[in-house]
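Asks: Numbering (this note's numbering), first residue to last: 3 to 286.
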């Protein structure tokens, strides 16, 4: 597989993938798992199987001891991974193993401290060399992202920003100005985790983002079930699902059926994001 294929004059691997999916009448599925939970060999196996099952983009969470955006499910997964000895270098090695067998776009989601401690430019260079495509840092505001942008701009790495329901319109031009890959719209005010209902006005939120960026727009946080994904997808290009998949991993950790159980949910979610199902489901 081609490690280097990412940013070109016609867009990055992430951007092109998420633009290609709606062109076929479907919506994209971005699937999150925590790297190293239950171990890195399982992370590689899960990532490859999830890509085959229908995930259009994979997010690998890099565990951090003091997260600000992760809810209890992902916090617990991070603690399990850290207790098991996972490291940033090990996760980059897992990215390289995944890339050897798959072209699915790979995004690392973590916080600024682990990247800073690793070294900004070294991190960007190593992730790019391994075949990674993007980076999400929920605790890095655009006003303080200059150093990391200067590092990632030297390599084919998209820096993907987050927009929340509380983001004022006046900040959208700054957030979108240097964005790459896609714009991540957070569906709720709070941390990650499954929700029974979501009351955010997605139509207004995504329309505001689209006024300032031609990049694909994804919505995540709180989305767990296929019908939720289909309803949210009516307002965006892709849906992010994380805690629901991490929960399945936790329930099956170490058991032979773990990968199959996760992939069944991925297939159910992706099936709900095909054209007819998306149009048939009422908005939340």
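Backbone N, C-alpha and C define an ideal beta-carbon position, used for all residues, glycine too.
Computed from a predicted model, the values in this text were never measured in an experiment.
Could you check where the alpha helix (DSSP H) with residue 247 kicks off and where it finishes?
Replies: 245-254
Asks: Within the continuous alpha helix (DSSP H) that includes residue 287, where are the two ends?
Replies: This structure does not reach residue 287, given that the chain is present from 3 up to 286, and the question cannot be answered.
Asks: With a floor of 4 residues, list each alpha helix (DSSP H) that falls wholly inside the segment 149-219, ordered by position along the chain.
Replies: 174-179, 204-212, all fully within the segment 149-219.
Asks: In the segment 46-127, which residue ranges form an unbroken alpha helix (DSSP H) of at least 4 residues, counting only runs that do not cross its ends?
Replies: 74-85, 90-101, 114-120, all fully within the segment 46-127.
Asks: So what does DSSP say about residue 31, is it helix, strand or coil?
Replies: strand
Asks: What's the C-alpha gap between residue 207 and residue 263?
Replies: 33 Å
Asks: Contact defined as beta carbons within less than 8 Å: I believe residue 47 pairs with residue 261. What is the distance between those atoms, to the nearest angstrom?
Replies: 6 Å
Asks: Excluding the five sequence neighbours on either side, which residues of its own chain have a C-beta within less than 6 Å of the C-beta of residue 228, listed in chain order?
Replies: Cβ within range, chain order: 270, 271, 274.
Asks: What residue does the beta strand (DSSP E) around residue 138 start on, and which one ends it?
Replies: Per DSSP, residue 138 belongs to the beta strand (DSSP E) from 136-138.
Asks: Residues in the same chain with beta-carbon distance under 8 Å from residue 56, minus the five sequence neighbours each way, listed in chain order, please.
Replies: 31, 268, 269, 271, 272, 273
Asks: Here's the rule I'm using: 16 or more other beta-carbon atoms within 10 Å means buried, otherwise exposed. How should residue 80 be labelled?
Replies: buried
Asks: Evaluate residue 172 with the Cβ neighbour count: other Cβ atoms within 10 Å of its Cβ, from every protein chain shown; 16 or more gives buried, anything less gives exposed.
Replies: exposed
Asks: Exposed or buried, what is residue 163 when buried is set at 16 or more other beta-carbons lying within 10 Å of its beta-carbon?
Replies: By the beta-carbon neighbour count (other beta carbons within 10 angstroms, threshold 16), residue 163 is buried.
Asks: Would you report the Cα separation of residue 305 and residue 177, rounded to the nearest angstrom?
Replies: Any property of residue 305 remains undetermined from this structure, which presents the chain solely from 3 to 286.
Asks: According to DSSP, is residue 240 helix, strand or coil?
Replies: Judged by DSSP in its simplified three-state form, residue 240 adopts strand.
Asks: Of the residues 100, 94, 67, which one's Cα is nearest the Cα of residue 85?
Replies: 67
Asks: To the nearest angstrom, report how far apart residue 61 and residue 16 are at their CA atoms.
Replies: 11 Å
Asks: Report buried or exposed for residue 20, applying the criterion of at least 16 other Cβ atoms within 10 angstroms of its Cβ.
Replies: buried
Asks: For the segment 22-37 against the segment 234-246, do three or more pairs of beta-carbon atoms, one drawn from each stretch, fall closer than 8 Å, so that the two count as touching?
Replies: yes
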